[in-house]
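Following: one structure in structure tokens, then a few remarks.
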Amino acid sequence: MICGPMFSGKTEELIRRLVRAQIAKQDTAIFKPNLDNRYSEEFIVSHNKRRIRSVLVSTPQDILDKVNCAEVIGIDEAQFFDASLIEVCRELALQNRRIILAGLEKDYLGKPFGPMPKLMIESEYVTKVLAICMECGNPANFSFRLSKESNLVVVGESDKYEARCRKCFFDGIKEEVNK
Ligand code: ADP
Ligand code: MG
Ligand code: ZN
54 MICGPMFSGK TEELIRRLVR AQIAKQDTAI FKPNLDNRYS EEFIVSHNKR RIRSVLVSTP
114 QDILDKVNCA EVIGIDEAQF FDASLIEVCR ELALQNRRII LAGLEKDYLG KPFGPMPKLM
174 IESEYVTKVL AICMECGNPA NFSFRLSKES NLVVVGESDK YEARCRKCFF DGIKEEVNK
């Protein structure tokens with residue numbers, strides 16, 4: 054697993070590992086959740102514009118249906134899947150496949166995001182990556198939402214979120230409460 058806040062290089066690291074598997078001539082399959090059900094095939098794209106072809110799926114069950122004989126399975130944005138992703142990963146791992154998950158471990162309030170905690174416990178290897186705080190330049194472990202929406206899932210990039218360290222994240226939350 055690869056986890057951390059937004060802009061921390063999770064997708065970049067996922068792509069790096071998948072490309073290495075492809076160089077080793079291993080059969081790969083790459084999935085990401087389809088949040089708005091528009092396309093069937095897509096790319097996983099990192100903020101520094103690296104990309105790799107991926108398949109959009111609506112549920113973890115779709116991963117089982119579409120995985121064929123892939124030996125290495127990449128899943129990006131794992132936080133957006135429901136808890137059944139844990140069971141699906143267990144089943145695939147028992148079939149001796151390597152699963153590499155990347156996802157946001159914390160939501161915009163700093164709380165654990167969806168199935169991430171259980172996936173982290175189940176994983177053999179967990180890599181935690183940090184971003185750079187946009188306020189002070191220190192290592193950033195939190196994703197601060199700049200927009201005022203309060204749904205759990207608000208899809209956006211640097212227009213809506215910024216990486217922040219612990220201090221700048223909680224200073225920002227306090228400022229909002231006092232507004
Ligand atoms: P993630 O999947 O974790 O959101 P990506 O792998 O898509 O991250 O993007 C990582 C890249 O984002 C970095 O290599 C860097 O070029 C860029 N980047 C933009 N903002 C930041 C930031 N605040 N901290 C670190 N990297 C950033
Ligand atoms: Mg990403
Ligand atoms: Zn900071």
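Residue 54 is where the sequence shown starts when you use the numbering used here, and the numbers rise one by one after that.
Every residue gets a Cβ at the ideal spot worked out from N, C-alpha and C, and that includes glycine.
Since the structure is predicted, the reported quantities are computational estimates derived from the model, not experimental observations.
Given that a residue counts as buried once 16 or more other Cβ atoms are within 10 Å of its Cβ, and exposed if not, what is residue i?
i, result
"residue 76", "exposed"
"residue 174", "exposed"
"residue 113", "buried"
"residue 148", "exposed"
"residue 71", "buried"
"residue 172", "buried"
"residue 99", "buried"
By Cβ distance below 8 Å, which residues in the same chain neighbour residue i in space, the five residues on each side in sequence not counted?
i, result
"residue 119", "82, 84, 108, 110"
Go through its chain and collect everything with a Cβ distance to residue i's Cβ below 7 Å, but skip five positions before and after it.
i, result
"residue 187", "215, 216, 217"
"residue 163", "195, 222"
"residue 213", "198, 199, 200, 207"
"residue 74", "81, 125"
"residue 205", "160"
Does the beta-carbon distance from residue i to residue j come in below 9 Å?
i, j, result
"residue 126", "residue 116", "yes"
"residue 79", "residue 140", "no"
"residue 145", "residue 97", "no"
"residue 198", "residue 161", "yes"
"residue 88", "residue 128", "no"
"residue 101", "residue 65", "yes"
"residue 226", "residue 60", "no"
"residue 159", "residue 189", "no"
Residues in the same chain with beta-carbon distance under 6 Å from residue i, minus the five sequence neighbours each way, listed in chain order, please.
i, result
"residue 151", "125"
"residue 191", "218"
"residue 95", "107, 109"
"residue 136", "168"
"residue 258", "For the chain, the structure presents residues 54 to 232; residue 258 sits outside this window and is missing."
"residue 132", "156, 157, 166, 167, 169"
Below 8 Å on the Cβ atoms is my guess for residue i versus residue j; work out the distance and round it to an integer in Å.
i, j, result
"residue 165", "residue 138", "So it is not a contact: roughly 14 Å between Cβ atoms."
"residue 156", "residue 130", "6 Å"
"residue 181", "residue 57", "6 Å"
"residue 170", "residue 134", "13 Å between Cβ atoms; not a contact."
"residue 209", "residue 200", "7 Å"
"residue 54", "residue 179", "5 Å"
Against chain B, with Cβ distances strictly below 9 Å, would residue i count as a contact?
i, result
"residue 61", "The structure shown contains no chain B; it holds only a single protein chain."
Within the stretch 158 to 211, ranges of the beta strand (DSSP E) (whole runs, at least 3 residues): Those beta strand (DSSP E) runs which fall completely within the stretch 158 to 211 and span 3+ residues are 195 to 198.
In the stretch 108 to 149, which residue ranges form an unbroken beta strand (DSSP E) of at least 3 residues, counting only runs that do not cross its ends? Annotation note: the stretch 108 to 149 contains the following uninterrupted beta strand (DSSP E) runs of length 3 or greater, listed N- to C-terminal: 125 to 128.
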